[in-house]
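Visitor: My numbering numbers the first residue of the sequence shown as 17 and each following residue consecutively. Glycine included, each C-beta is placed from N, C-alpha and C at the ideal position. Got a structure for you, questions after.
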Amino acid sequence: MTGEPTHLQALNPMQYEAVTTLQGPLLILAGAGSGKTRVLTRRIAHLLYEGIDPENVFAVTFTNKAAAEMKERVEELVGEAGRNVWISTFHSACARILRQEIEALGYTKRFAIYDDEDSKRIVKEIVARWGYDEEDYMRPRKVLSRIDRYKCRMLTPEQVVAQHLAHTYDATLRVWNDYEDQLRAADAIDFNDLIGHTVRLFTEHPDVLERWRDRFHYLLVDEYQDTNKGQYRLLRLLTGARRNLAVVGDDDQSIYGFRGADIENILGFERDFPDAKVIRLEQNYRSTGHILDAANQVIQANRHRKEKALWTAAGMGRKVTLVQRRDPGDEAEWVARGLLQLRRRGFTWQDMAIVYRTNATSRIFERALQRHRIPHKIVGSRKFYERREVRDVLGYLRLVTNPADDAAFLRVCNVPTRGIGAKTLADLRDEAAGRGQPLLTTARSVGTDTDRAARALRSFVEIIDALAEASRTLDPAALVERVVVDSGYKAMVESEGKREAESRLANLVELIRDARDFEFPLEATTASDRLRAWLDRIALAGQDEEIPEGGQVTLLTVHNAKGLEYPVVFVVHMLEGQFPHERSATDEAGVEEERRLAYVAFTRARKRLVITWNREGPGTEFFGGRRQSGDGVPSRFLADLPGQAIEGDLPDLEPAMADSGPAGDREELQQRFGTFLRAHRERRAPPTDEALRLTEIEDIADLVPGRRVHHARFGVGEIRSLKGHRLLVSFTDQRVRPVSLPTEDLHLVED
17 MTGEPTHLQA LNPMQYEAVT TLQGPLLILA GAGSGKTRVL TRRIAHLLYE GIDPENVFAV
77 TFTNKAAAEM KERVEELVGE AGRNVWISTF HSACARILRQ EIEALGYTKR FAIYDDEDSK
137 RIVKEIVARW GYDEEDYMRP RKVLSRIDRY KCRMLTPEQV VAQHLAHTYD ATLRVWNDYE
197 DQLRAADAID FNDLIGHTVR LFTEHPDVLE RWRDRFHYLL VDEYQDTNKG QYRLLRLLTG
257 ARRNLAVVGD DDQSIYGFRG ADIENILGFE RDFPDAKVIR LEQNYRSTGH ILDAANQVIQ
317 ANRHRKEKAL WTAAGMGRKV TLVQRRDPGD EAEWVARGLL QLRRRGFTWQ DMAIVYRTNA
377 TSRIFERALQ RHRIPHKIVG SRKFYERREV RDVLGYLRLV TNPADDAAFL RVCNVPTRGI
437 GAKTLADLRD EAAGRGQPLL TTARSVGTDT DRAARALRSF VEIIDALAEA SRTLDPAALV
497 ERVVVDSGYK AMVESEGKRE AESRLANLVE LIRDARDFEF PLEATTASDR LRAWLDRIAL
557 AGQDEEIPEG GQVTLLTVHN AKGLEYPVVF VVHMLEGQFP HERSATDEAG VEEERRLAYV
617 AFTRARKRLV ITWNREGPGT EFFGGRRQSG DGVPSRFLAD LPGQAIEGDL PDLEPAMADS
677 GPAGDREELQ QRFGTFLRAH RERRAPPTDE ALRLTEIEDI ADLVPGRRVH HARFGVGEIR
737 SLKGHRLLVS FTDQRVRPVS LPTEDLHLVE D
């Protein structure tokens, strides 16, 4: 706008309103790719432009990276004044407050902040002092995880008992009480205490709270949908009578429930502030129309959400591609060849990403990319063969094939814990060096039957000898399973927290699959030869990788993809049991969060979105019949995709690509896919109820506010408005939904 200050230029109407509405509570519902960071930073700039002292402005977000980016953008807009605005993470802000005020809670200003390793060490000592068995329920990491969850919910041990979440003599509460005593004695707090103690400080000392309320006149919160109960209480306390709290978030992207995020914070904002103004940022600047239609249609099935309708001025673009393949290997191969074709058609490697629900999925796609020499990187996780549980099991196998491998011996001799401590190993190494022998050979003959450490060493040797004998006849996949079970590794992993155990066991299942799928060289005629060939290939994996011009294809989970975008996104393994994950598939709240994950995955794509799954599914019987997940059933979320926004193949790929696989298999896949689409579209057919007289929509002029329409899925509704190619319709279930045009799903209702 002419004459407007720079920070107000190039804003769309909703962004402009969000930036310039400065007084009172404000909820900014910022859909994916709608420019929320631009709104936040320019809102801060506008506060300063209107004469607000920078020191009276407090903006908070979740990561140091996001805070640094926000601060940099503000300083670009307003210059030196931006340096005096408090822009930080929740935990950093609370640390600054406590450094000035914590003496009111009985600590000194020199208090220490313990990290996870410090806390785990203390808990480990307490568990041992109580005489609890670390290998079971009282594993220190599990105990600390339970304590952290309670603290995120702002609970004390006494409140946990009062709310019947545990009984008075619960072992975790005993350890927790001792843990708190040790923290206090050391003049220390842990990471979760930063927020908890600040809330306690403000609650117990109103004079302190008033000082900080007088400091912060304007509060801005990024990613509000990810706040937990403690962060919510902190913000409510600081808001005070001024009520200048502006929160930016998207309930449809609330995907961190497992970390304690409470979606009710954003869903209940208008309950907490009945006079709140709500502004919806619905124009998307990232994705094309068909991608948004797919994402919108999936997320609309959630019952607990704020209604919004993303749209774009960038055109409809390519349709979303759905692809089913025979099995996981065929799916990964298809994706790899698709990447090669898209690369030849002008996309760079760094333009493309493979997104999956769980880290274990990455292995089979890593292998396919390695086979085709496609440069790639994994975000938020080590590459598959570098993961701890994978390296541990490979350590056993290396020692089985080479008894002189001392590095492998040292890695696994006390994993799981067998009582082989540092002193025992030091003595063993000295003895082995004196004899000129490998550690495994020396371990066969040291100590006496009454020597506990010697018995532990000989027990380990017996395990290795038994596995070595088995390696002469078992194929590598069966041997990997034998190692996982007989070494005690499976039992050790299962004793950890449920979520971590599931992830690590899934990685071990993938290692078994990797051994099973390996193409052995012709000269590998014996089981031992095949084992060595497979281990050699793993040792050489990635050694020749270079980063060519054009960067690397990115592999990452949906959780790690949040906040990122790519021109081309492959969302893979879209299967029941995988996506939605099996642990969430029977719980409504869990399914809704899984659907939000799908929404996040789809909206990472700017130009091309490809969704794949396979007929076999990832589920295979391993570990004595324990079924992992999935059975080849396409994800329930695919049935929500709008027919006009999807296609069944990549039409611009070469025929050789499209026809990969035996003709019979290809024909069957096409038939199954066709059946899936027909069933999908039949669910959207007009009703046969004679009580409703429906007519086709022949002219857009018929679509006026107040006109009754019928949607094949949602039933009868009344048009509220028409925005571009998108209707907003209020249906009889009291929900307002966007409907993209043109569509065969919608008909006029004749009165």
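Give a yes or no on whether the C-beta atoms belonging to residue 254 and residue 211 are separated by under 8 Å.
Guide: no
Visitor: Leaving out the 5 sequence neighbours to the left and right, which residues in its chain are closer than 6 Å to residue 760 when beta-carbon positions are compared?
Guide: none
Visitor: Can you say whether residue 753 is buried or exposed, counting buried as having 16 or more other CB atoms within 10 angstroms of its CB?
Guide: buried
Visitor: Which same chain residues, not among the five before or five after residue 57, have their C-beta less than 7 Å away from its C-beta?
Guide: 86, 89, 90, 93
Visitor: Using the Cα positions of residue 63 and residue 38, report the straight-line distance between them to the nearest angstrom.
Guide: 7 Å
Visitor: For residue 146, does the count of other Cβ atoms within 10 angstroms reach 16, so buried, or fall short, so exposed?
Guide: exposed
Visitor: What span of residues does the alpha helix (DSSP H) with residue 86 cover, start to end?
Guide: 80-94
Visitor: Please list the terminal residues of the continuous beta strand (DSSP E) segment that includes residue 754.
Guide: 752-756
Visitor: What are the complete alpha helix (DSSP H) segments, minimum 4 residues, inside the stretch 414-480?
Guide: Counting whole runs of 4 or more residues, the stretch 414-480 contains the alpha helix (DSSP H) stretches 422-428, 438-451, 455-459.
Visitor: Starting from residue 61, trace the alpha helix (DSSP H) both ways and give me its first and last residue.
Guide: 52-65
Visitor: Which ranges would you report for the alpha helix (DSSP H) in the stretch 191-242 if only whole runs of at least 4 residues count?
Guide: Taking only runs of at least 4 residues, the alpha helix (DSSP H) segments lying wholly in the stretch 191-242 are 209-220, 222-231.
Visitor: Quick check on the DSSP output: the alpha helix (DSSP H) that includes residue 162 runs from which residue to which?
Guide: Following the DSSP letters along the chain, one finds residue 162 inside the alpha helix (DSSP H) bounded by residues 156-168.
Visitor: Taking residue 172 as part of the beta strand (DSSP E), name the residues at either end of that continuous run.
Guide: Neither: residue 172 is in no beta strand (DSSP E) and is coded neither H nor E.
Visitor: Distance, Cα to Cα, residue 652 vs residue 615?
Guide: 13 Å
Visitor: Going by Cα to Cα distance, which pick from 128, 456, 730 is closest to residue 427?
Guide: 456
Visitor: Reducing DSSP to helix, strand and coil, say where residue 101 ends up.
Guide: coil
Visitor: Residue 328 to residue 659, Cα distance in whole Å?
Guide: 19 Å
Visitor: When the distance is taken between beta carbons, is residue 240 closer than 8 Å to residue 265?
Guide: yes
Visitor: Use the C-beta contact count for residue 21: other C-beta atoms within 10 angstroms, 16 or more gives buried, fewer gives exposed.
Guide: exposed
Visitor: Is it buried or exposed for residue 478, if we count other Cβ within 10 angstroms and need 16 for buried?
Guide: Counting of Cβ neighbours within 10 angstroms places residue 478 among the exposed residues, the total staying below 16.
Visitor: May I ask which residues mark the beginning and end of the alpha helix (DSSP H) holding residue 492?
Guide: Element bounds for residue 492: 492-502.
Visitor: Going by the CB atoms, is the gap between residue 347 and residue 628 shorter than 8 Å?
Guide: yes
Visitor: Return the CA-CA distance between residue 724 and residue 295, expressed in angstroms with no decimal places.
Guide: 27 Å
Visitor: Just curious, the alpha helix (DSSP H) that residue 370 is in, first and last residue?
Guide: Taken as a continuous stretch (DSSP letters only), residue 370 belongs to no alpha helix (DSSP H), being part of the beta strand (DSSP E) at 368-372.
Visitor: With residue 350 as the anchor, note down where its beta strand (DSSP E) starts and where it stops.
Guide: The continuous stretches of beta strand (DSSP E) do not include residue 350, which lies in the alpha helix (DSSP H) extending over residues 344-360.
Visitor: Looking at residue 121: is its Cβ nearer than 8 Å to the Cβ of residue 216?
Guide: Yes.
Visitor: Using 10 angstroms around the beta-carbon of residue 458, count the other beta-carbons present and answer buried if the total reaches 16, otherwise exposed.
Guide: buried
Visitor: Looking at chain C, is there any beta carbon in it that lies within less than 8 Å of the beta carbon of residue 199?
Guide: As a matter of chain content, chain C is missing from the structure shown, which is built from one protein chain.
Visitor: What did DSSP end up calling residue 653 once you bin it into helix, strand or coil?
Guide: helix
Visitor: For residue 338, list the residues DSSP reports as bridge partners.
Guide: 627
Visitor: With DSSP as the reference, please indicate the residues paired to residue 299 in a beta bridge.
Guide: 327
Visitor: Terminal residues of the continuous alpha helix (DSSP H) containing residue 274?
Guide: Residue 274 -> no alpha helix (DSSP H), and no H or E assigned at all.
Visitor: Whose C-beta lies closer than 7 Å to the C-beta of residue 421 among residues of the same chain, with five residues either side of it excluded?
Guide: Cβ-Cβ distances below 7 Å link residue 421 to 414, 415 in the same chain, with the five nearest sequence neighbours on each side left out; the list follows chain order.
Visitor: DSSP three-state call for residue 376: helix, strand or coil?
Guide: helix
Visitor: I need the straight-line Cα distance from residue 608 to residue 317, nearest angstrom please.
Guide: 8 Å
Visitor: Keeping to the same chain, check which residues put their C-beta closer than 6 Å to that of residue 624; ignore five residues upstream and five downstream.
Guide: 334, 584
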